[in-house]
Amino acid sequence: MAAARTTNARGGAKPAGKVAIPQVSWNQIRPAPVVLVSGPQGFLADRAMKSLREFLRAEDPALEVSDVAADGYTRGELASLASPSLFGEPRLVRVSAVEKCSDDFLEDALRYLESPPEGATVILRHGGGVRGKKLLDAIRAAKGVALEVVCADLKKDAEKYEFAQAEFQLAGKSIRAAALRAIVAAFSDDLAELASACQQLIADTADEITEATVAKYYGGRVETNAFSVADAAIAGRYGEALVGLRHALDSGADPVPIVAAFASKIRTMAKVSGAGGSTGDLARRFGLAPWQVERARRDLRGWTDEGLGRTIQLVAETDAAVKGQGRDPVFALERMVTGIASRGRSLR
Amino acid sequence: MGAWDDIIGQTDAVELLTDASRNPQAMTHAWLITGPPGSGRSNLAYAFAKALLSRVPGGDEHTDQQVDARTHPDLTSLSTSKVIISIDEVRHLVTGASYAPSVGRYRVLVVEDADRMAERTSNVLLKALEEPPERTVWILCAPSEADLIPTIRSRVRSVRLRVPDVTEVAALLQRRDGVDAETAERAARHAQNHIGMAHRLATDETARQRRDETLRVALTVRTVSDAVVGAATLLELAGSDASAYTEQRDAEEREHALRSLGIEPGKPVPPALRAQIRGLEEEQKRRATRSLRDGIDRILVDLQSVYRDIALLQFGIDDTIINRELLPHLRQSAESSSQASTMATLDAIATARHRIEGNVAPALALEAMLVAAQR
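Chains C and G supply the protein sequences, listed in that same order.
The first sequence begins at 239 in the working numbering and counts up by one.
The second sequence begins at 4 in the working numbering and counts up by one.
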């Protein structure tokens, strides 16, 4: 699957050390005496663990499932839960928080790895970090015994897009490309939210999913941040900036960091505005990244020095207003966006 | 009369307080010493404390030493190097206020930065001021009476200090610190008669350089780009000014803390003790915030002096110029701008000071100010 390939290619969070066991993505989990589910993406890890449990239960409904927390572990627990019982039912032991495991757990797990009993599956959930590295290395070297499922964060939009696409494919639903893009844009922050939105559409729609369907369910929902609002305002797209500002405020953004984002963008523009020279020179002189200089130059189109000056004063005024010197922070923000979208011309 | 020697230019206040310390009829239980920064409020407060605590009229050396070291058993002093005085500190102070004096005639409680108390904190003090124990004396210091809530104002007797003039400050510097006459005069003038600042400018070469650099930056702002770059420079200057105050002290405190916790130098801090070190670091960070703010405020006061000079020149007055060294520059500036724009710049500086007090990002406040100051 497409999502699988990208995650796999990056090889998880810790490529260090020798890896003798297969490393697969969350949707390719399969039974093994010891399954290590590593990586910070908790939602995918939960899904992988759930699908393994369902698989084992389908094989034998008598499956015994037990949960252990590695941070509050007491000696001997793992061996007693995983050892064969009288009637020889298969056992599944899920160990959470291995990244915070106690020393007792480390010892027991290392011993367990040397001779895992027949018929038991142990899932170790490690959320990332250096704690328990000795155990991780031992698991990764245990050829034929262990399997690692890598659950890395999906950072790029393309990865999220692929993830959502896979969701619909798995359910056998067809979705138009534009609709898919719309839903990924609406839930760009949290993978779990994106997944449940996909499930909702899959459950409710009988035929092909179109943009109209997505708009009906999730229309008007845009995840935006202070910087995109600032971008729109600086480029003079007044309406978009105001709508974005409202979205940002309604989805929990605080006025103070919003002003800070505006201030940092305007500051970069002002620095670059008066200076000539190559991008590299300016970047060095002002301690910026070259792309920031390029960006500021693009942003500066249509701005005058005077407008920039008034805008800086306006941003300072707004910062004071949102920090308690004004009565209505939201009004102050809107006033600032209005002033900036006119490139400082509407002021005074 | 040793205790009052370093108090300059406050004859009225000194007379009043000396009389009070000798004559029980003129005494009261709570005093508020107000005066602009640098007028010597806290020095006067401690001089008064010495007079109250000494067992012989006119003061004895032993008591003076103990007050100077803040170790006198009947003296409790509260000052803060952070932005505000916390309520717990005041509660602690109030608890101690009811004890009878152990060696002196009075128990003396000095609150150096009474203006740095939030209203809630002031109310804790109110109770103690309202029903004073018999031989307890409160001495509060603040820049002005308006900095305290009315309920406190009405329960204290106020002593107002005036700003000492340049010659008085310069004379003190010469007498106390052995600075030559010319340097002393210049430092006193540049510090705008702030005694502590004058002392620093007279004795610390880097502080002088930082001041010159500040003024140079402000006077060379021509475009918005200059303003933003200039604001960054000013912030850096304020930062180095502030760290000159705190860095050494931070390191000493840390070393002291490590030693008292029994950790050898260079050894890692055991996990069980990390919370204590973290607590210390947080305290130091709070102090750094205050220190940076004070640094910026000093810069803004220096800038105000420059634009004040320009305004004076524009009105045709040139005998009380503070930054006499920059006179050609100032004249040029005065000719190339209007009185209205100079006044607007002074307003912008005042606004910036007000904003920084209100927690506005210092960089932003300085940028906005320099944009207004461009000429």
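Built from N, CA and C at the ideal position, the CB exists for glycine as well.
All figures in this text were calculated on a predicted structure; none of them were measured in a lab.
{"Item": "What three-state label does DSSP hand residue 239 of chain C in the structure shown?", "Value": "Here residue 239 of chain C scores only 40 on pLDDT, less than 50, and its place in the model should not be relied on; the value that follows carries that caveat. DSSP places residue 239 of chain C in coil when its eight states are reduced to three."}
{"Item": "To the nearest whole angstrom, what separates the beta carbons of residue 228 of chain G and residue 534 of chain C, a pair I think is in contact under 8 Å?", "Value": "With 8 Å as the limit, residue 228 of chain G and residue 534 of chain C do not qualify as a contact, their Cβ atoms being about 11 Å apart."}
{"Item": "For residue 574 of chain C, count neighbouring C-beta atoms within 10 Å of its own C-beta (all shown protein chains included) and say buried if the count is 16 or more, exposed if not.", "Value": "buried"}
{"Item": "If you reduce the DSSP assignment to three classes, tell me which class residue 245 of chain C lands in.", "Value": "Bear in mind that a pLDDT of 39 at residue 245 of chain C, under 50, signals an unreliable position, so the model cannot answer this."}
{"Item": "Entirely within the region 154–214 of chain G and at least 4 residues each: give me those alpha helix (DSSP H) ranges in chain order.", "Value": "169–175, 184–193, 198–206"}
{"Item": "So, with DSSP's three-state summary, where would you put residue 549 of chain C?", "Value": "helix"}
{"Item": "Quick check for students: name the residue ranges of the alpha helix (DSSP H) that lie wholly in the region 214–270 of chain G, counting only runs of 4 or more.", "Value": "227–263"}
{"Item": "So if DSSP puts residue 120 of chain G in a beta bridge, which residue, or which two residues, is it bridged to?", "Value": "G:88"}
{"Item": "Report yes if the C-beta distance between residue 118 of chain G and residue 146 of chain G is below 8 Å; otherwise report no.", "Value": "yes"}
{"Item": "Considering only DSSP beta bridges, list what residue 305 of chain C is partnered with.", "Value": "C:332"}
{"Item": "Counting pairs of Cβ atoms below 8 Å between the region 481–500 of chain C and the region 222–240 of chain G, do you hit three or more?", "Value": "no"}
{"Item": "Taking CB distances under 8 Å as the criterion, tell me whether residue 269 of chain G reaches chain C.", "Value": "no"}
{"Item": "Can you check which of these residues, C:328, C:549, C:275, is closest to residue 296 of chain C by C-alpha distance?", "Value": "C:328"}
{"Item": "Which ranges does the alpha helix (DSSP H) cover as unbroken runs of at least 4 residues, wholly within the region 334–402 of chain C, from first to last along the chain?", "Value": "341–352, 371–379"}
{"Item": "Return the CA-CA distance between residue 75 of chain G and residue 112 of chain G, expressed in angstroms with no decimal places.", "Value": "11 Å"}
{"Item": "Straight-line CA distance for residue 431 of chain C to residue 572 of chain C?", "Value": "29 Å"}
{"Item": "Classify residue 214 of chain G as buried or exposed, calling it buried when 16 or more other Cβ atoms lie within 10 Å of its own Cβ.", "Value": "buried"}
{"Item": "Output needed in chain order: residues of the region 217–231 of chain G with a Cβ under 9 Å from some Cβ in chain C.", "Value": "225, 226, 227, 228, 229, 230, 231"}
{"Item": "Expressed to the nearest angstrom, what Euclidean distance is found between the alpha-carbon atoms of residue 295 of chain G and residue 114 of chain G?", "Value": "22 Å"}
{"Item": "Whole angstroms are fine: how far does the CA of residue 364 of chain C sit from the CA of residue 253 of chain C?", "Value": "The pLDDT assigned to residue 253 of chain C is 46, lower than 50, so where the model puts this residue is not dependable; a value taken from the coordinates is nonetheless given after this. Answer to the nearest angstrom: the Cα atoms are 15 Å apart."}
{"Item": "Exposed or buried, what is residue 566 of chain C when buried is set at 16 or more other beta-carbons lying within 10 Å of its beta-carbon?", "Value": "exposed"}
{"Item": "Between residue 516 of chain C and residue 536 of chain C, what straight-line distance do the alpha-carbon atoms span, to the nearest angstrom?", "Value": "14 Å"}
{"Item": "With H, G and I counted as helix, E and B as strand and the rest as coil, what does DSSP make of residue 33 of chain G?", "Value": "strand"}
{"Item": "How should residue 4 of chain G be labelled, buried or exposed, when 16 other C-beta atoms within 10 angstroms of its C-beta is the threshold for buried?", "Value": "The predicted model places residue 4 of chain G with a pLDDT of 44, which falls under 50 and marks its position as unreliable; any figure quoted below should be read in that light. Exposed, since its Cβ has fewer than 16 Cβ neighbours within 10 Å."}
{"Item": "How far does the beta strand (DSSP E) with residue 112 of chain G in it extend, from its first residue to its last?", "Value": "110–114"}
{"Item": "Between the alpha carbons of residue 230 of chain G and residue 330 of chain G, how many angstroms are there, rounded?", "Value": "23 Å"}
{"Item": "Could you tell me whether any Cβ in chain G is nearer than 8 Å to the Cβ of residue 318 of chain C?", "Value": "no"}
{"Item": "Going by DSSP, what residues sit across from residue 440 of chain C in a beta bridge?", "Value": "Residue 440 of chain C pairs with nothing; no bridge assigned."}
{"Item": "Residues of chain C with CB closer than 8 Å to the CB of residue 233 of chain G, please, in chain order.", "Value": "Per Cβ cutoff of 8 Å: no residues; residue 233 of chain G is ~11 Å from chain C at best."}
{"Item": "Start and end of the alpha helix (DSSP H) containing residue 68 of chain G?", "Value": "64–71"}
{"Item": "Within the same chain, show all residues whose beta-carbon is closer than 6 Å to that of residue 233 of chain G, passing over the 5 residues directly before and after it, in chain order.", "Value": "220, 224, 373"}
{"Item": "I need the straight-line Cα distance from residue 438 of chain C to residue 576 of chain C, nearest angstrom please.", "Value": "38 Å"}
{"Item": "Could you spell out the range, first to last residue, of the alpha helix (DSSP H) harbouring residue 287 of chain G?", "Value": "274–317"}
{"Item": "Does DSSP classify residue 151 of chain G as helix, strand or coil?", "Value": "coil"}
{"Item": "At a Cβ cut of 7 Å, what residues of the region 507–523 of chain C count as close to chain G, listed as they run along the chain?", "Value": "508, 509, 511, 512, 513"}
{"Item": "Run down chain C in chain order and give the residues with a C-beta less than 7 Å from the C-beta of residue 374 of chain G.", "Value": "547, 550, 551"}
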